Amino acid sequence: NAGVTQTPKFRILKIGQSMTLQCTQDMNHNYMYWYRQDPGMGLKLIYYSVGAGITDKGEVPNGYNVSRSTTEDFPLRLELAAPSQTSVYFCASSYGDSKGAYTEAFFGQGTRLTVV
Amino acid sequence: DAKTTQPNSMESNEEEPVHLPCNHSTISGTDYIHWYRQLPSQGPEYVIHGLTSNVNNRMASLAIAEDRKSSTLILHRATLRDAAVYYCILRDRYTGNQFYFGTGTSLTVIP
């Protein structure tokens, strides 16, 4: 009963380094999302995907890239880490169809990233 | 995207009911009203959602105004475990592939 799994849980990066945050879901959901949450703030949508091969920008996409080659996986790539990207990152998934039916979103436990 | 407005914080005594308000005056006819909560150091979790009628589940009740411009999440008996940030979110029925969190209401439960 894994749900949404994110790795790693914690990471410290140096300015200019790159890394990939991994997200996997085992619920066969077509929708997947990446959010970031800065201290004391709400979640901001970075990117989302409505299915394998389809991704789109959210509110704060700059500095990030995503890909969706399978239904299960939705990795988030940081190419040139900056201190402003210090945050907690959450991945989520849900199911939806064109008739307006969808499930609630399930979230992972988050990845706490510090850029120094 | 339609926005929601919530109080920044609320307090409740343990074992008492809690009414968490949300205003969404620009709601469209196809927007569902969703509530999520985020416990400390955890990812958000789904609480309840509705379209027009009041809804009940094992966690809470959702009361939706007749004009749908506001709603209230009701926790019938607050416990210490209910201390969390509660988010009211509008999600379009047909294009709900993206949904946005506001700043939410931080609920403190007093023993």
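Those sequence lines, one after another, are chains Z and P. Oh and the first sequence: position 99 is 1195 in the numbering used here, straight run, nothing missing. Oh and the second sequence: position 11 is -4 in the numbering used here, straight run, nothing missing. A virtual CB, placed ideally from N, CA and C, is assigned to each residue, including glycine. Model, not experiment: these values are computed from the prediction.
Sequence-distant residues of the same chain with beta carbon closer than 7 angstroms to residue i, five excluded per side
{"i": "Gly1112/Z", "result": "Leu1176 and Ala1177"}
{"i": "Gly1136/Z", "result": "none"}
{"i": "Leu24/P", "result": "Ala69"}
{"i": "Gly1154/Z", "result": "Leu1141, Ile1142, Tyr1143 and Tyr1144"}
{"i": "Ala50/P", "result": "Ser56"}
{"i": "Phe1186/Z", "result": "Tyr1131, Gln1133, Leu1139, Phe1203, Gly1204 and Gly1206"}
Element boundaries [beta strand (DSSP E), containing residue i]
{"i": "Ser1183/Z", "result": "Ser1183 to Ser1190"}
{"i": "Gly1112/Z", "result": "Segment: none, Gly1112/Z is in no beta strand (DSSP E) and carries neither H nor E."}
{"i": "Lys54/P", "result": "Here Lys54/P belongs to no beta strand (DSSP E), and DSSP marks it neither H nor E."}
{"i": "Ile12/P", "result": "Element bounds for Ile12/P: n/a, residue is neither H nor E."}
{"i": "Lys1140/Z", "result": "Leu1139 to Gly1147"}
{"i": "Val1100/Z", "result": "Val1100 to Thr1103"}
{"i": "Asp67/P", "result": "Where Asp67/P is concerned, there is no enclosing beta strand (DSSP E), given that its DSSP letter is neither H nor E."}
{"i": "Leu92/P", "result": "Thr90 to Ile95"}
{"i": "Asn1161/Z", "result": "Tyr1160 to Val1162"}
{"i": "Val1212/Z", "result": "It is not in any beta strand (DSSP E) - Val1212/Z carries neither H nor E in the DSSP assignment."}
{"i": "Ser(-3)/P", "result": "Ser(-6) to Asn(-2)"}
{"i": "Thr1151/Z", "result": "Ile1150 to Lys1153"}
Close-in-space but distant-in-sequence residues of the same chain around residue i (CB under 8 angstroms, 5 per side omitted)
{"i": "Ile59/P", "result": "Pro2, Val3, His4, Leu5, Ala45, Ser46, Leu47 and Ala48"}
{"i": "Gly1149/Z", "result": "Arg1164 and Ser1165"}
{"i": "His34/P", "result": "Tyr17, Ile18, His19, Trp20, Val40, Leu47 and Arg76"}
Closest residue to residue i among the options (Cα-Cα distance)
{"i": "Ser1189/Z", "options": "Val94/P, Arg66/P and Gln83/P", "result": "Gln83/P"}
{"i": "Asn8/P", "options": "Tyr72/P, Glu30/P and Pro29/P", "result": "Tyr72/P"}
{"i": "Tyr1129/Z", "options": "Phe1203/Z, Asn1158/Z and Met1115/Z", "result": "Phe1203/Z"}
{"i": "Thr1116/Z", "options": "Pro1179/Z, Val1212/Z, Tyr1198/Z and Ser1163/Z", "result": "Ser1163/Z"}
{"i": "Asn39/P", "options": "Tyr31/P, Gly28/P and Thr57/P", "result": "Thr57/P"}
{"i": "Ser1180/Z", "options": "Pro1104/Z, Tyr1160/Z, Val1146/Z and Thr1103/Z", "result": "Tyr1160/Z"}
{"i": "Tyr1191/Z", "options": "Tyr1144/Z, Thr1210/Z and Val1212/Z", "result": "Tyr1144/Z"}
{"i": "Thr1199/Z", "options": "Tyr21/P, Leu92/P and Phe86/P", "result": "Tyr21/P"}
{"i": "Asp52/P", "options": "Leu36/P, Gly28/P, Ile74/P and Thr(-10)/P", "result": "Leu36/P"}
{"i": "Val1156/Z", "options": "Thr1167/Z, Gly1138/Z, Asp1169/Z and Tyr1131/Z", "result": "Tyr1131/Z"}
{"i": "Gly14/P", "options": "Thr88/P, Pro96/P, Asn42/P and Lys54/P", "result": "Lys54/P"}
{"i": "Tyr1127/Z", "options": "Val1100/Z, Val1212/Z, Arg1173/Z and Thr1182/Z", "result": "Val1100/Z"}
{"i": "Thr1120/Z", "options": "Ala1201/Z, Glu1168/Z, Ser1114/Z and Leu1174/Z", "result": "Glu1168/Z"}
{"i": "Thr1210/Z", "options": "Pro1104/Z, Lys1195/Z and Leu1109/Z", "result": "Leu1109/Z"}
DSSP beta-bridge partners of residue i
{"i": "His4/P", "result": "Ile59/P"}
{"i": "Tyr1127/Z", "result": "Ser1190/Z"}
{"i": "Gly35/P", "result": "Ile18/P"}
{"i": "Val40/P", "result": "Leu47/P"}
{"i": "Asp77/P", "result": "Asp16/P"}
{"i": "Gln1205/Z", "result": "Gln1205/Z pairs with nothing; no bridge assigned."}
{"i": "Asp1169/Z", "result": "Thr1120/Z"}
{"i": "Phe84/P", "result": "Paired residue(s): none; Phe84/P is not in a bridge."}
{"i": "Glu30/P", "result": "Arg22/P"}
Neighbourhood of residue i by C-beta distance below 6 angstroms, restricted to the same chain and skipping five residues each side
{"i": "Pro(-8)/P", "result": "Thr90"}
{"i": "Val94/P", "result": "Ser(-3), Glu(-1), Ala63, Leu65, Asp67 and Ala68"}
{"i": "Val1184/Z", "result": "Gln1133, Gly1206 and Arg1208"}
{"i": "Ala1098/Z", "result": "Asp1122"}
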